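Protein chains in written order, with my numbering: chain A, 454 to 634; chain B, 454 to 634. The structure appears below as structure tokens.
There are 2 protein chains.
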Amino acid sequence: MTWIHSANPLSKEKLPYADAMEYDYKLLYPRQVVLVTSQSGEKRSIMALAWHCPLSFKPPLIGIAVGKTRFSHSLITEGREFVLSIPTEKMVDKVMLIGSKSGKDVDKFSAFGLNPLKADVVKPPLIKECPINIECRVAAELDAGDHTLFVGEVVATHASATKDKLLFDMGGRNFFGIARE
Amino acid sequence: MTWIHSANPLSKEKLPYADAMEYDYKLLYPRQVVLVTSQSGEKRSIMALAWHCPLSFKPPLIGIAVGKTRFSHSLITEGREFVLSIPTEKMVDKVMLIGSKSGKDVDKFSAFGLNPLKADVVKPPLIKECPINIECRVAAELDAGDHTLFVGEVVATHASATKDKLLFDMGGRNFFGIARE
Numbered sequence: 454m455t456w457i458h459s460a461n462p463l464s465k466e467k468l469p470y471a472d473a474m475e476y477d478y479k480l481l482y483p484r485q486v487v488l489v490t491s492q493s494g495e496k497r498s499i500m501a502l503a504w505h506c507p508l509s510f511k512p513p514l515i516g517i518a519v520g521k522t523r524f525s526h527s528l529i530t531e532g533r534e535f536v537l538s539i540p541t542e543k544m545v546d547k548v549m550l551i552g553s554k555s556g557k558d559v560d561k562f563s564a565f566g567l568n569p570l571k572a573d574v575v576k577p578p579l580i581k582e583c584p585i586n587i588e589c590r591v592a593a594e595l596d597a598g599d600h601t602l603f604v605g606e607v608v609a610t611h612a613s614a615t616k617d618k619l620l621f622d623m624g625g626r627n628f629f630g631i632a633r634e
Numbered sequence: 454m455t456w457i458h459s460a461n462p463l464s465k466e467k468l469p470y471a472d473a474m475e476y477d478y479k480l481l482y483p484r485q486v487v488l489v490t491s492q493s494g495e496k497r498s499i500m501a502l503a504w505h506c507p508l509s510f511k512p513p514l515i516g517i518a519v520g521k522t523r524f525s526h527s528l529i530t531e532g533r534e535f536v537l538s539i540p541t542e543k544m545v546d547k548v549m550l551i552g553s554k555s556g557k558d559v560d561k562f563s564a565f566g567l568n569p570l571k572a573d574v575v576k577p578p579l580i581k582e583c584p585i586n587i588e589c590r591v592a593a594e595l596d597a598g599d600h601t602l603f604v605g606e607v608v609a610t611h612a613s614a615t616k617d618k619l620l621f622d623m624g625g626r627n628f629f630g631i632a633r634e
């Protein structure tokens, strides 16, 4: 086995990847891509992210790490709620578009042909096209470098028994699908 | 599309899964399985977990959610360091064994034929058999229900250019391999 090592994981020279700035986090890829809806007053948005993590069974907690400069960061900070929506492989083009535009400039639901559904408990909408929607209330948040980890307590779950493939990011937006079962 | 809904995500009746207690968190599966080594004084252990998440590019932060009753939880709480080691598909039997035993009762390195390597910066050892080892110092922790999220700052990274498949858990310890590239 060849060990390639860097005491500074951000140094470029010793690492076998083109973009050493992205080295460390890609070691924890592939990761499932999810969508997150958020709302504050009349403003709403959708973002795509792969930095999510179950945190607790009881109470049911899920963490999402959101970049501090993102429009959704301000909406979740203000609204204290989000919906985690799981897209299928078929939605890959829409997911790419969601990840490429800021919700400051465009309403992503109408722009990308996604249908908002009223949630049961929280204000941000579900996404009708997603087979799974998990409603969360922010129970805690953690300042984590250039991101904030929002800890959501699950307050309602909507899931269809879809057999569609889920969407994974291999790192650098190389997407592929995995069947759940 | 059939919407199956439960206002209480832990209620069994409306959900299309056998074990509704595990319903919510499995919606965020499959997830990559990683190993975590920890040490406090002469005590050391290895655990397997799938609840991990990159949290920040700069500084480079990674979160791991560790059950509060786990032996590794006490070692990380005391030692304030851990190594995140990424196993390959070939190691599936060892990973299953690691997940089935407590480090209170057995030294998992010698018991399961894994070779500890001295880390560069932290006390917990690397695992020689893993192509990727990420040394972390605990920079923060968050009380999250029945788990603690330990936020590790990456202080050194060791990675070989392996093409071996990585190991994923479909939920409920149904493992399968995915090639990185």
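Glycine included, C-beta positions come from ideal geometry on N, C-alpha and C. Every value quoted in this text rests on a predicted model; they were computed, and no experiment measured them.
- With a cutoff of 9 Å on beta-carbon distance, Gly520(B) and Lys576(B) are scored as not near each other.
- Using a CB distance below 7 Å, the part of the stretch 588-621 of chain A facing chain B consists of Ala593, Leu595, Ala597, Gly598, Asp599, His600, Leu602, Val604, Val607, Ala609, Thr610, His611, Ala612, Ser613, Ala614, ordered along the chain.
- Listed along chain A, the residues sitting closer than 7 Å to His505(B) by beta-carbon distance are Leu481, Cys506.
- Beta bridge pairing from DSSP links Met500(B) with Val489(B).
- Put simply, the backbone Cα of Pro540(B) is about 11 Å away from that of Met549(B).
- If you compare the alpha carbons of Val604(B), Ala597(B), Thr490(B), Gly630(B) with that of Lys511(A), the shortest gap goes to Ala597(B).
- Interface with chain A (9 Å Cβ-Cβ cutoff): Lys571(B) is excluded.
- It is roughly 11 Å from the alpha-carbon of Leu481(A) to the alpha-carbon of Leu508(B).
- Assignment of Thr530(B) by DSSP, reduced to helix, strand and coil, places it in the helix class.
- Taking 9 Å as the cut-off, the beta carbon of Val574(A) is found no closer than this to the beta carbon of Ile515(A).
- Around the C-beta of Arg626(A), fewer than 16 other C-beta atoms lie within 10 Å, and the residue is accordingly described as exposed.
- Residue pairing from DSSP leaves Asp558(B) without any beta-bridge partner.
- Ranking Pro578(B), Thr530(B), Met544(B) by CA distance to the CA of Thr610(B) puts Pro578(B) first.
- In the DSSP annotation of this structure, the continuous segment of the alpha helix (DSSP H) that includes Ser553(B) starts and ends at 545-553.
- Contact annotation, Phe535(B) with Ser493(B): C-beta distance approximately 11 Å; criterion of less than 8 Å not satisfied.
- Note: Val607(B) is bridge-paired with Cys589(B) in the DSSP secondary-structure output.
- Under a criterion of Cβ atoms nearer than 7 Å, the residues of chain B adjacent to Leu514(A) are, in order, Ala597, Gly598.
- In this chain, the beta strand (DSSP E) harbouring Cys506(B) covers 505-509.
- If the five residues before and after His526(B) are omitted, its C-beta is found closer than 6 Å to the C-beta atoms of Val519, all from its own chain and listed in chain order.
- Residue-level contact by beta carbon holds for Ser509(A) and chain B, with a gap shorter than 9 Å.
- At the C-beta level, Phe524(A) and Ser555(A) come within 9 Å of one another.
- The beta-carbon of Ala518(B) is placed less than 9 Å from the nearest beta-carbon of chain A.
- In the structure shown, Glu594(A) falls within a strand segment according to DSSP collapsed to helix, strand and coil.
- Of Thr601(A), Leu570(A), Phe565(A), Leu567(A), the smallest CA-CA separation from Leu502(A) is found for Thr601(A).
- Where Val519(A) is concerned, the enclosing beta strand (DSSP E) starts and stops at 514-520.
- Taken through DSSP and simplified to helix, strand or coil, Ala612(B) comes out as strand.
- Interface criterion not met: the Cβ of Arg626(B) is under 9 Å from no Cβ in chain A.
- At least 9 Å separates the CB of Ile580(B) from every CB of chain A.
- Assignment of Phe565(A) by DSSP, reduced to helix, strand and coil, places it in the coil class.
- Selection Ala632(A), Trp504(A), Ile499(A) evaluated against Ala614(A) yields Ala632(A) as nearest (Cα-Cα).
- Around Trp504(A), the same chain offers Ala518 as residues with beta carbons nearer than 6 Å, after the five sequence neighbours per side are excluded.
- Think of a sphere of 7 Å around the beta carbon of Ile539(B): the chain A residues whose beta carbon falls inside it are Leu480, in chain order.
- Note on geometry: alpha-carbon atoms of Arg484(B) and Phe629(A) lie some 14 Å from one another.
- Nearest CB-CB separation between Ile529(B) and chain A: not below the 9 Å threshold.
- When rounded, the separation of the alpha-carbon atoms in Glu594(A) and Asn586(A) is 21 Å.
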